[in-house]
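Chemist:
2 protein chains.
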Amino acid sequence: MKTAKTVASLKTVASLAGVSIATVSRVLNGDPVVKDETRLAVQRAIKTSGYHPNRVAQRLRSTNRSKKLIGLLIPDIQNPFYVDVIRGIEEYAYANGSAVVIGNFSQDPKREKLYIDILRSESVDGFIVAPSHGKDEDVEELISDGHAVVCIDRGLSNLNVDVVKSDNEKGAFNAVEHLIKLGHKRIAHITGDPAIPTTQERIAGYIAAHKHYGLRVDQKIIKGKESNFVSGVEITKQLLALPERPTAIFTANNLLTLGALETILQQGLKIPEEVAIVGFDDVYWATSLNPPLTAVRQHGFEIGQRAIELLYQRIQQPDRLPANVIVKTELMIRRSCGFK
Amino acid sequence: MKTAKTVASLKTVASLAGVSIATVSRVLNGDPVVKDETRLAVQRAIKTSGYHPNRVAQRLRSTNRSKKLIGLLIPDIQNPFYVDVIRGIEEYAYANGSAVVIGNFSQDPKREKLYIDILRSESVDGFIVAPSHGKDEDVEELISDGHAVVCIDRGLSNLNVDVVKSDNEKGAFNAVEHLIKLGHKRIAHITGDPAIPTTQERIAGYIAAHKHYGLRVDQKIIKGKESNFVSGVEITKQLLALPERPTAIFTANNLLTLGALETILQQGLKIPEEVAIVGFDDVYWATSLNPPLTAVRQHGFEIGQRAIELLYQRIQQPDRLPANVIVKTELMIRRSCGFK
DNA sequence: ATTAGTTGTGAAAACGTTTACATAAATCCA
DNA sequence: TGGATTTATGTAAACGTTTTCACAACTAAT
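In order, the protein sequence lines correspond to chains A and B. For the first sequence, position 80 (counting from the first letter as 1) is numbered 80 according to the numbering used here, and the numbering increases by one without interruption. Count along the second sequence from 1, then add 1000; that gives the number in the numbering used here.
#1: What are the residues that DSSP puts in a beta bridge with Cys151(A)?
#2: DSSP three-state label for Arg1335(B), please.
#3: Against chain B, does Arg320(A) count as a neighbour if the rule is that its beta carbon must be under 7 angstroms from one of theirs?
#4: Applying the criterion that 16 or more other CB atoms from any shown protein chain within 10 Å of the CB defines a buried residue, is Ser62(A) buried or exposed?
#5: Between the segment 169 to 180 of chain A and chain B, which residues of the former have a C-beta closer than 8 angstroms to a C-beta of the latter?
#6: Can you tell me which of Gln1200(B), Ser1227(B), Phe1105(B) and Asp1076(B) puts its alpha carbon nearest to the alpha carbon of Leu1256(B)?
#7: Report the rounded CA-to-CA distance for Gly1259(B) versus Ala130(A), giving the unit in angstroms.
#8: Quick one: what's got a C-beta closer than 6 angstroms to Ala99(A)'s C-beta in the same chain, skipping five residues either side?
#9: Name, going along the chain, the residues of the segment 64 to 96 of chain A whose beta-carbon falls closer than 7 angstroms to a beta-carbon of chain B.
#10: If we cut at 7 angstroms on Cβ distances, does Arg59(A) have a partner in chain B?
#11: Taking Cβ to Cβ, would you say Ile969(B) is nearer than 7 angstroms to Val1161(B)?
#12: Residues in its own chain within less than 6 angstroms of Val24(A) by CB, not counting five upstream and five downstream?
#13: Closest Cβ-Cβ distance between Asn1104(B) and chain A: below 7 angstroms?
#14: Evaluate Glu37(A) with the Cβ neighbour count: other Cβ atoms within 10 Å of its Cβ, from every protein chain shown; 16 or more gives buried, anything less gives exposed.
#15: Starting from the C-beta of Pro1322(B), find all residues in its chain whose C-beta is less than 7 angstroms away, skip the five residues before and the five after it, and write them out in chain order.
#16: Please classify Gly214(A): is it buried, with 16 or more other beta-carbons within 10 angstroms of its beta-carbon, or exposed?
#17: Could you please tell me which residues of the segment 232 to 265 of chain A, in chain order, have their CB closer than 7 angstroms to any CB of chain B?
#18: Can you give me the C-alpha to C-alpha distance between Leu16(A) and Glu1112(B), rounded to a whole angstrom?
#19: Thinking Arg59(A) and Val1056(B) are a contact (beta carbons under 8 angstroms), I'd like their distance in whole angstroms, please.
#20: Kindly list the residues whose CB is nearer than 8 angstroms to the CB of His52(A), restricted to its own chain and excluding five residues on each side of it in sequence; keep chain order.
#21: Under the three-state reduction of DSSP, which class applies to Lys220(A): helix, strand or coil?
#22: Could you tell me which residues DSSP puts in a beta bridge with Arg297(A)?
#23: Identify each residue in the segment 1112 to 1126 of chain B for which the Cβ-Cβ distance to at least one residue of chain A is less than 9 angstroms, and report them in chain order.
#24: Use the C-beta contact count for Pro1194(B): other C-beta atoms within 10 angstroms, 16 or more gives buried, fewer gives exposed.
#25: For Val271(A), which three-state DSSP category applies?
#26: Do Arg1055(B) and the ligand FMN come close, with the Cβ less than 6 angstroms from some heavy atom?
#27: Compare the beta carbon distance of Gly183(A) and Ala276(A) with 7 angstroms and say whether it is the shorter of the two.
#28: Would you be able to state if there are at least three C-beta pairs under 8 angstroms between the segment 1085 to 1092 of chain B and the segment 1299 to 1318 of chain B?
#29: Drop a sphere of 10 angstroms on the beta-carbon of Ala1095(B), count the other beta-carbons inside from all chains shown, and report buried for 16 or more, exposed for fewer.
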């Protein structure tokens, strides 16, 4: 009862059908050369033996890297944005019989490297990576070693590679524009980790909106250290303690938004009357917040889909020109910024 | 430039060090029998060749299933609870050089089956599964075929298997008790999908609390259909429309909580003065809600850790008695239920 | 009737490991 | 000194595939 059945292999099927393993393999791979009669016999044998191909052996043998295993390197699986991306990827993979190996490296380059090593030695057919920073040597090496790689969320500064990302600058612009049109003149920006390219792009959008509407940019209220909750809390405290308090805050990601939200509530300040807030990254619970949060929605699911589509293409034609896909963002206007 | 380097194999290293591949393999596996001198030579060759073991070949050859690849079947990766579980598993895997393949089957048994097939033919060394329902034949087959399996969140009704889960009944009891002690007499319960075992356990806790405090149980305000957002919205609407409106709602998971929250806010009802709410499943953004949400915290991270520990043990000793680990829950009292 | 071309199948190598077994060299004990 | 034992290494099979090559059995063409 507890003893593992030995699973059926090509050999099992072959002897059952009275043919060689080569023939069985041919049937499995739809080679038209086999006679109908033998094909039928083999198919019967496959059924009765309960044979399932061994993907490990296939991968070991085959140079014909056929999108069976995709490696995924995610900076932070707690971030709902990446969860959307994962879902997009996984949906496509499921439909194509691919499996996905996920490495969640928690923004830790050391961990990222270990996962790259593991995935590489698992002979994955391709990688989808959000590089930990713009100049990610491990990912660069991966590419120069000839692996199929698609970057999401962030590109690589000195390498031409397939990239799928949001239009961060435009997204930030829209958010700040919304605030400005609502009459806000003093708008703070809590940024993410300055080392991350997206952070820079969002800052650029923030500044562009100010310039476009002839508003002065005050560098003192553009602050940020890390892209996490505590950083959001800290900076918000500093901002709210300012003599000339901002009337609105634009936060650069959902963790920062959360930190800001909690701090504002703790200080008993009313949203949006006393402080308005708009966040980058929409989240599925934004509508259940009180008040519902106005936010820049990134289409994570679509980003994931584009990424794996590109990856499939790159696997098939390794020499095609790298594509740069920019996915639009969408400003979800709810009630945290006040009404005209 | 674009051509893939051929990667170093045992053979490369062997010829570089002037030994046989067997010796290289022995060095890699720490076999004490090799002479120090050769060991050094081999290690040097490994360095200079940039050799990395090929896990695919290892897995194909080795019967000594050494926890190198773990298959993970998750019902819903959007649910933060499972994300915590994944993190717990992944943390441990990372520390032990294991990789994790994730299949997110979105509560779809068909999809679950496909992933089981894939993972199986990837020869994963063990499975961690949250079965889609209590009588999950695919998982049962997996076990009876001799695979190492640990269940999380839900057990299997007619099979003895390692299980790690929360103390759902106690958790629900505590939540409802909290409400009762605050003076609530009419407490509704929005349940999850009745087919899922956890749903039943949480209902049991709800009823137990009522009995324990001598409160009448009104079956009409124990309702639920599915474990998702829309179901939460629907049932909340029905509940709030009742002539004798409940003063408090106990929701059975975080998606339902969200649906309830949004509905309550839309109807302009004050929390907790007009309706109190306590949810099963704490989420990291619960403190940023307005008011902060009182919730039953499941220790997802720990559940994940226990699960993979058990799995490692089972891989090593397939015949050990199955363990049943119940992880305590914790009631996070915040402000959504009112004050004494 | 011989040759040339088709068609279907099998034998065997290869992928990169691990490991049982064989063997050569070195050491031991009588 | 010679057989037995130990020590270090190499040889080769095996895991389950894919794929090249060879070959047998037909069919078609001369």
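Ideal Cβ positions, reconstructed from N, Cα and C, are used throughout, including at glycine. Source: prediction; values computed, not measured.
Modeler: Taking the geometry as given:
#1: According to DSSP, which records beta bridges pairwise, Cys151(A) is partnered with Val129(A) and Val163(A).
#2: If DSSP states are grouped into helix, strand and coil, Arg1335(B) belongs with coil.
#3: At a cut-off of 7 angstroms, the C-beta of Arg320(A) has no neighbouring C-beta in chain B.
#4: Around the beta carbon of Ser62(A), a 10 Å sphere encloses fewer than 16 other beta carbons of the protein chains shown; the residue is thus reported as exposed.
#5: Correct list: empty, as no residue qualifies.
#6: Of the candidates Gln1200(B), Ser1227(B), Phe1105(B) and Asp1076(B), the one whose C-alpha sits nearest the C-alpha of Leu1256(B) is Ser1227(B).
#7: Each residue's Cα considered, the two are about 32 angstroms apart.
#8: Answer for Ala99(A): Leu69, listed in chain order.
#9: If the cut-off is 7 angstroms between Cβ atoms, the segment 64 to 96 of chain A has Ile77, Gln78, Val83, Ile86, Arg87, Glu90 and Tyr94 near chain B.
#10: Yes, contact with chain B.
#11: Absent from the model: residue 969(B). The displayed extent of chain B is 1001 to 1340, so no value can be given.
#12: Cβ within range, chain order: Leu10, Val13, Ala14 and Val42.
#13: With a threshold of 7 angstroms between beta carbons, Asn1104(B) makes contact with chain A.
#14: It is exposed - the Cβ of Glu37(A) has fewer than 16 other Cβ atoms within 10 Å.
#15: Excluding residues within five positions, the ones whose Cβ falls inside 7 angstroms are Asn1160, Val1161 and Asp1162.
#16: By the neighbour-count definition (other C-beta atoms within 10 Å, threshold 16), Gly214(A) is an exposed residue.
#17: Answer in chain order: Leu258, Leu261, Glu262 and Leu265.
#18: One C-alpha to the other measures close to 30 angstroms.
#19: Contact holds; Cβ gap of about 5 angstroms.
#20: The residues are Val7 and Ala8.
#21: Assignment of Lys220(A) by DSSP, reduced to helix, strand and coil, places it in the helix class.
#22: The bridge partners DSSP lists for Arg297(A) are Glu330(A).
#23: Those residues of the segment 1112 to 1126 of chain B that come within reach of chain A (Cβ to Cβ, closer than 9 angstroms) are Leu1114, Tyr1115, Asp1117, Ile1118, Leu1119, Arg1120, Ser1121, Glu1122 and Ser1123.
#24: It is exposed - the Cβ of Pro1194(B) has fewer than 16 other Cβ atoms within 10 Å.
#25: This sequence places Ile at residue 271(A); Val is not what is there. Collapsing the DSSP output to three states places Ile271(A) in coil.
#26: Looking for the ligand FMN in the displayed structure turns up nothing, as the structure carries no ligands at all.
#27: Not in contact: Gly183(A) and Ala276(A) (Cβ atoms no closer than 7 angstroms).
#28: Result yes; three or more Cβ-Cβ pairs closer than 8 angstroms.
#29: Within a 10 Å sphere around the beta-carbon of Ala1095(B) sit fewer than 16 other beta-carbons, which makes this residue exposed.
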